[in-house]
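Below is one structure, written out as structure tokens, with a few remarks after it.
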Amino acid sequence: MIFVAIPPSVPEVKPACTDVPLFTSFAENTMNNKYLFALAIAVTGVAAAWYFSKPPAMAPLPVPATSSAVKTVAPAGVDPAPENTAMATAVSSVAAQQVIPETLQERLDAIAIRRPELQLDVETVQTKIAQPIAWTPSEKIPQHLPLTAEELNDGRQFIALDDLKIETLMPGDSVDIQMPDTKNTFEVVIDKVEKHDYNSISWYGHIEGADGQDYSVSFTRGASLTVAGFDTPDGHYVLQGHGKDGWIASSGLLYKQDTSVTDAIYPEDVLDAHEH
Numbered sequence: 349m350i351f352v353a354i355p356p357s358v359p360e361v362k363p364a365c366t367d368v369p370l371f372t373s374f375a376e377n378t379m380n381n382k383y384l385f386a387l388a389i390a391v392t393g394v395a396a397a398w399y400f401s402k403p404p405a406m407a408p409l410p411v412p413a414t415s416s417a418v419k420t421v422a423p424a425g426v427d428p429a430p431e432n433t434a435m436a437t438a439v440s441s442v443a444a445q446q447v448i449p450e451t452l453q454e455r456l457d458a459i460a461i462r463r464p465e466l467q468l469d470v471e472t473v474q475t476k477i478a479q480p481i482a483w484t485p486s487e488k489i490p491q492h493l494p495l496t497a498e499e500l501n502d503g504r505q506f507i508a509l510d511d512l513k514i515e516t517l518m519p520g521d522s523v524d525i526q527m528p529d530t531k532n533t534f535e536v537v538i539d540k541v542e543k544h545d546y547n548s549i550s551w552y553g554h555i556e557g558a559d560g561q562d563y564s565v566s567f568t569r570g571a572s573l574t575v576a577g578f579d580t581p582d583g584h585y586v587l588q589g590h591g592k593d594g595w596i597a598s599s600g601l602l603y604k605q606d607t608s609v610t611d612a613i614y615p616e617d618v619l620d621a622h623e624h
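Each number in the working numbering corresponds to the 1-based position in the sequence shown with 348 added.
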């Protein structure tokens, strides 16, 4: 009897690396990591480029030293802060005292030259320049004026004279004058100013009439006496002032003719005079 040895069955061994799904997942993860790494490098590059290309920070501009003096404007209906108002007022006052327009300074110099004893400040001169008239009617009769009792009641108009308005007049200026009887107002344009040797000053001007004619006007002032004559479309007028009181009247009122005395010349009277 023959015995044949049969080897035992050996189980089939599969290779461990034949798992295809596991290899595929590993490859995909590796590619994703590469993409993430490349994206990180790109973001870093963009950030670096932006940082080095942005402009440098600018230093704050210096604030002017005078900014503290600027007045703050409060909203409508709200009162401004008292301290701001006081500061702005003080600054404005100082500026007004320090800065004088050239034309105003020339006027002050001219006034000082022709009337050295008259000391005027800037505010007074500016006020007089803006003022259009040189006198206003007075309701009271000044008793100290050198007039007789008859003259005080003959119909002349008494006035409050603004002598400083006249003193500040310069060539090219104008002043309004009102006639006492007609109440018409005329504008006098000053043509020239003349200083005399006896400490008096004259202002010469004219009125441009609606008829195309120029009417002459003159003021003359001494230390306290003012006299003036006006040729106007309404006739001739005379003004006299003593200090700040005075009067104005038409020449017809002042130089009345006595109708009881005639100035007529009769031929027989002339013949009788020659015969005797």
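Virtual Cβ for every residue (Gly too), placed ideally from N, Cα, C.
Practice task
Give a yes or no on contact between the region 565-579 and the region 548-556, applying the rule of three or more CB pairs nearer than 8 Å.
Solution key: yes
Handout entry: DSSP beta-bridge partners of lysine 543
Key = Answer is Ile549, bridged to lysine 543.
Problem - Own chain, CB closer than 6 Å to isoleucine 481, minus 5 neighbours either side, in chain order - result: Hits under 6 Å: Asp524.
Practice task
Take the Cβ of tyrosine 563 as the centre, count every other Cβ of all protein chains shown within 10 Å, and call the residue buried at 16 or more, exposed below.
Solution key: buried
Exercise for the section: Flag alanine 478 as yes when its Cβ comes closer than 7 Å to any non-hydrogen atom of the ligand SAM, and as no otherwise. Expected result: With respect to the ligand SAM, the structure offers nothing, as it holds no ligand at all.
Problem - Buried versus exposed, by CB contacts within 10 Å (16 or more), tyrosine 585 - result: buried
Exercise for the section: With DSSP as the reference, label threonine 530 as helix, strand or coil. Expected result: coil
Problem - Per-residue burial, threonine 516 [other beta carbons within 10 Å of its own, 16 or more giving buried] - result: buried
Handout entry: Three or more C-beta pairs below 8 Å linking the region 582-602 and the region 499-509
Key = The region 582-602, when compared against the region 499-509, does touch it at the 8 Å Cβ threshold.
Handout entry: Helix, strand or coil at alanine 478 according to DSSP, with G and I counted as helix
Key = helix
Practice task
With distances taken Cα to Cα, identify the nearest neighbour of aspartate 582 among Lys540, Ile549, Leu573 and Ser598.
Solution key: Ser598
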